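Chains as they are written, first to last, in the numbering used here: chain U, 1 to 337; chain Z, 338 to 674.
All C-beta atoms in this analysis are idealised placements derived from N, C-alpha and C, irrespective of residue type, glycine included.
As the structure is a prediction and not an experimental result, all values here were calculated from the model.
Just below is one structure, and these are the notes that go with it.
2 protein chains.
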Amino acid sequence: MATIAQVAVKAGVSTATVSRALNKPEMVDAKTKAKVQEAVQSLGYRPNQVAQGLASRSSRTIGVVVNQFGSAYYGTMIDGAERALRKIGYKLIAESSGEAAEGERSAWQSLFDRQCEAVIVHSDALAEEELTGFMEKHPMSVLMNRHLPDYEDRCVYLDNIRGGALAAAHLVAKGHRKIATITGPFSYHEARDRLKGFEQQLAEAGIPLDPDLTAEGNFKDDMAFERMMALLNGPKEFTALFCQSDEMAAGAIEACRQKGLRIPDDISIIGFDDVDLARHLSPKLTTVRQPLREIGAAAGLLAHAVARKSPDIEGICRSFEAEVIERASVLDLNTGS
Amino acid sequence: MATIAQVAVKAGVSTATVSRALNKPEMVDAKTKAKVQEAVQSLGYRPNQVAQGLASRSSRTIGVVVNQFGSAYYGTMIDGAERALRKIGYKLIAESSGEAAEGERSAWQSLFDRQCEAVIVHSDALAEEELTGFMEKHPMSVLMNRHLPDYEDRCVYLDNIRGGALAAAHLVAKGHRKIATITGPFSYHEARDRLKGFEQQLAEAGIPLDPDLTAEGNFKDDMAFERMMALLNGPKEFTALFCQSDEMAAGAIEACRQKGLRIPDDISIIGFDDVDLARHLSPKLTTVRQPLREIGAAAGLLAHAVARKSPDIEGICRSFEAEVIERASVLDLNTGS
DNA sequence: ATGAAAGCGCTAACAA
DNA sequence: TTGTTAGCGCTTTCAT
């Protein structure tokens, strides 16, 4: 690996000049610039970005911590963030927390130890209190898909209350009145918010949320299968189900299948997320879409802006709206189709 | 941010001693160590890992370039690599190529510019020739899920020939003789290898590969849907289909559904990959499993070993075997179940 | 427009 | 066991 010093020797100039020729071309004479270019070429010189970072105190690197990379949910957000950052010459260091609080804590710290200018955190395990403490302690952090009122301007999030309301509104508009729901774990604010919006919207239609038709899941398919079985075996009838994740909808569909129930003829189902899975289920799943890629990209840009103390933080969209994607899993009771 | 110099002053020792106390505790007196610990605590000192890297010429960072992070295929491998590396104190810098050859080239280079000790590449767009050139030029690189005979010991891969053979064997064992297949793009070695193994295995059973029943897809569902429609509308009959990815199987299933064909009663389908999608399809998809997480982990470990010029490169499993996961999409013609 | 020199935060000989 | 002195590869004053 050639160093700047070797380039300087070869070009017959000082290292400072090489540095300038490369980074501030307007500050150097055309002739010198040519000599430098030439030397750079022949040596195949490439600046050591770590050394550049140390000297200039800017690593042009953003960190991100998520539970895991293997799921479409996290993968899509990371993809959005990475692409957005790459466009502005930034790199992403990704670390997974292993779905544990301790993992989140250490990943967060460790990314700063690597001189990330800012870190994007998708916290799942940290209690709100501790999370607030971290946001306070590490001002160069932004929360992805999470809303912490105290740190409003460092959060990129989906309006989950509205997302839940959208699901209810869709089902009600299709004529459903007896509606069951399988939520995420209540320790997740997303789950609570979606349920809250769902309940409020039902209330507006004069439908009380029925506790007997409300089950707490964990966003995964297996548990949703169990919950749905229990719901189906219970005494209460219902014509529609809202699942707070597409994966849970998949589990619920499986339960229906085993009970010989047809979707949407016997029971309608609406999911949440709109990951690829949704359109591969049968029937194709009507769901509430989260713009995950956009959320990831916004988190990347916000992290960059925060790191640079850029004034246009305000210009970055931080609150996203869900949207229902209508497919084939909800029956219209009004028309019967 | 406290620096090592401040710690040194506070502890009344030299920076060298602080460095030793932290990195080679056995080399320093217990009393001094205590003083240092104390200073570290009170200042909240954390070593700047970038500076450490520059000084010690080891960044403890591995890079990885993939097409994108959003799909389960890449996500799962990255997850495997990241976890394996985290365990040994290494970090992963991830960069996506944007599914273009130029993206792969620049990502590869740029990760080395960031002083990654080694980089893991999942190449999709680079021609074999150029890929070979890069492996030659960058000895600290390993290929993930790709086999380049010239660089045997820097590749972690699935035996795709055997994978294809497994699919054929399964179908033949179930009594199928008229078998169609939708492959990946032939520009991908995976696609060619799987087809080769598939053809060889069929040949062993005395079944020639029928060109009219062989269609080239692109691993995606949409194109598989088109191909399957064409196959179904064609003059040749067949009882089974092998798709080289689960996503394509999903597309093919959709085509069957639109034609009113039942799976597996009218037509059997076997996929490849065994991503989450497979068990969510209906019927649940019988498929050839790739151990993606293990492959990713092995790639991470191999990259580390290569970077460290470790002798136990040989000890890392580099060749993985596929395995068929039997679910419900293949009918046994022998028993009719 | 260019060079000399200092320094980013740390490690690693070499002495003592 | 500890301190001194050089760097690692670069950027950035400050002179010239």
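Asked	Found
Unbroken stretches of the beta strand (DSSP E), 3 residues or longer, contained in the segment 209 to 291 of chain U	214 to 216, 240 to 243, 268 to 273 and 286 to 289
Residues in the segment 81 to 95 of chain U having any Cβ partner in chain Z nearer than 8 Å	GLU82, ARG83, ARG86, LYS91, LEU92, ILE93, ALA94 and GLU95
GLU294/U versus MET77/U: straight-line alpha-carbon distance, rounded	7 Å
Beta carbon of ILE607/Z nearer than 8 Å to that of PHE579/Z	yes
Inter-stretch contact at 8 Å, needing at least 3 Cβ pairs: the segment 368 to 388 of chain Z / the segment 64 to 74 of chain U	no
Listed by chain order, chain Z residues near GLN115/U by CB distance under 8 Å	ASN385, GLN386 and VAL387
Beta-carbon contacts of GLU99/U that lie in its chain and below 6 Å, excluding the five residues immediately before and after	ASN67
Length of the line joining the Cα atoms of ALA634/Z and PRO628/Z	10 Å
Nearest to THR335/U (by Cα), restricted to the options VAL7/U, ASP113/U, LYS91/U and HIS176/U	HIS176/U
Of the residues CYS593/Z, THR624/Z and LEU638/Z, the one placed nearest SER282/U, counting alpha carbons only	CYS593/Z
Assigned exposure category for ASP222/U - 16 Cβ within 10 Å defines buried	exposed
Rounded separation between VAL667/Z and VAL661/Z - CA only	12 Å
Chain Z within 8 Å of SER310/U, Cβ atoms only	no
Inter-residue Cα distance where the pair is VAL18/U and CYS492/Z	38 Å
Segment limits, beta strand (DSSP E) that includes GLY63/U	61 to 66
Exposed unless 16 or more other CB atoms sit within 10 angstroms - verdict on GLU651/Z	exposed
Listed by chain order, chain U residues near THR413/Z by CB distance under 8 Å	PHE69 and GLY70
Segment contact, 8 Å Cβ cut-off, at least three pairs: the segment 83 to 98 of chain U with the segment 414 to 428 of chain Z	yes
Distance between ASN145/U and ALA127/U (C-alpha atoms, nearest Å)	15 Å
Residues of the segment 269 to 292 of chain U with Cβ closer than 8 Å to any Cβ of chain Z, in chain order	ASP276, LEU277, HIS280, LEU281 and SER282
Three-state class that DSSP yields for GLY519/Z in the structure shown	This sequence places Ile at residue 519/Z; Gly is not what is there. Reduced to three states, the DSSP call for ILE519/Z is strand.
Cβ separation of ILE516/Z and LEU550/Z, assumed to be a contact under 8 Å, to the nearest whole Å	7 Å
Distance between beta carbons of GLY251/U and PHE225/U, contact taken as under 8 Å	4 Å
Integer Cβ distance of LEU277/U from GLU247/U, believed to fall under 8 Å	7 Å
Residues, ordered as in the chain, of the segment 388 to 402 of chain Z that lie near chain U by beta-carbon distance below 7 Å	ALA388, GLY390, LEU391 and SER396
Strand pairing of VAL458/Z, partner residues [DSSP]	VAL402/Z and LEU480/Z
Inter-residue spacing [alpha-carbon to alpha-carbon] between TYR494/Z and PRO545/Z	28 Å
DSSP state of LYS511/Z mapped onto helix, strand, coil	coil
Outcome for ARG57/U when other beta-carbon atoms lying within 10 angstroms are tallied against a minimum of 16	exposed
Neighbour flag for ALA250/U against chain Z, beta carbons, 8 Å	yes
Status (buried if at least 16 other CB within 10 Å, exposed otherwise) for PHE137/U	Checking the displayed sequence, the identity of residue 137/U turns out to be Lys instead of Phe. So LYS137/U counts as exposed.
Beta carbon proximity, ARG257/U to chain Z, threshold 8 Å	yes
As assigned by DSSP and simplified to three states, the class of LYS474/Z	helix
Beta strand (DSSP E) segment containing GLU432/Z, residue limits	428 to 433
ILE681/Z (DSSP reduced to helix, strand or coil)	Any answer about residue 681/Z is impossible in this case: the structure gives chain Z only from 338 up to 674.
Chain-ordered chain Z contacts of ASP79/U [CB-CB under 7 Å]	GLN405, PHE406, GLY407 and SER433
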